Structure formats: structure tokens, C-alpha cells
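To keep things clear, I will list the structure first and then write my remarks on it.
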């Protein structure tokens with residue numbers, strides 16, 4: 001898509017520090033990493049959200065994400081990885097992308113990047129779960 005920086009990277013028109021370039025997607029270093037080795041994995045086709053990823057592309061794309069999570073850990077000697085995706089809200093580039101961030105114990109990253117809360121009651125939790133299940 002014209003004007004999409006990630007499409008430009010996929011097409012080789014925008015420079016990037018590529019980690020993988022495969023039929024199922026392209027992976028490259030984030031230019032503003034949480035930690036060194038923070039990789040972005042994008043599908044080759046321009047899609048904005050996970051909901052738009054066609055069923056036939058799911059296995060290959062997520063297999064690539066899975067392999068990258070293992071490679072980031074092994075290649076950098078990390079203790080683990082944080083794998084995440086934003087859809088619409090907080091999505092800085094409107095092209096589907098998955099973050100693979102190396103983690104080490106004591107790295108300062110605490111769970112998610114926002115405060116965690118609890119449900120006021122089990123009844124509230126059941127109601128939220130039922131609303132999601134009904135939409136599914």
C-alpha cells in the first residue's frame with residue numbers, strides 16, 4: 001500500500017535491519033525498541049488488524065512469529081520473550097505487526113505496559129466472559 005512504511009520495508013524500498021524475509025512474512029528490528037533485539041513481524045500483504053488476516057495465512061504467519069520468539073531468546077541469550085500485538089488502539093503503524101521483545105529477569109518490564117486491575121466480583125467477571133463468548 002502506498003505510504004505504508006511496513007509495505008515499503010516488505011518491498012525493499014525502505015531500509016530496515018531484516019531478521020527474516022520469507023513467504024509468510026518479514027521480520028526486522030524495531031527502530032524504537034523496548035530492549036535491543038525487539039523484532040517486528042509483518043505479513044507481506046497490507047492488512048491493518050488481526051481480524052483481517054485471512055485464515056489461510058494464519059498458520060504460516062504465526063509459525064514465523066513462533067520461530068522468531070525462539071530465535072530472539074536463543075540468539076540473544078534472553079530469559080524469554082514478550083510477544084504482543086496492538087489492533088487499532090496504540091498501533092503506531094496501521095499495518096498488522098507482532099512485537100517479539102527479548103526479556104530477562106529483572107529487566108524492569110512489569111507485565112503489560114498499563115496498570116492491572118481486578119473484577120469487582122465474580123458476577124462481573126462472568127458477565128464480561130459471557131458477553132465475549134456471545135460475540136464469538
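Numbering (full-length UniProt numbering), first residue to last: 1 to 136. For glycine and all other residues, C-beta sits at the position ideal for the given N, C-alpha and C. This structure is a prediction, so every number in the text was calculated from the model and none was measured.
DSSP state of residue i mapped onto helix, strand, coil
i, result
"residue 25", "strand"
"residue 62", "helix"
"residue 84", "strand"
"residue 57", "helix"
"residue 34", "coil"
"residue 20", "strand"
"residue 50", "helix"
CB contact flag (residue i, residue j, <8 Å)
i, j, result
"residue 48", "residue 101", "no"
"residue 103", "residue 78", "yes"
"residue 89", "residue 99", "no"
"residue 26", "residue 18", "yes"
"residue 41", "residue 64", "yes"
"residue 93", "residue 6", "yes"
Distance between beta carbons of residue j and residue i, contact taken as under 8 Å
i, j, result
"residue 96", "residue 43", "6 Å"
"residue 29", "residue 38", "7 Å"
Residue i versus the options, residue with shortest Cα-Cα distance
i, options, result
"residue 20", "136, 4 and 61", "61"
"residue 4", "40, 46 and 16", "46"
"residue 22", "76, 133, 2 and 57", "57"
"residue 66", "80, 129, 91 and 8", "80"
"residue 16", "31, 126 and 124", "31"
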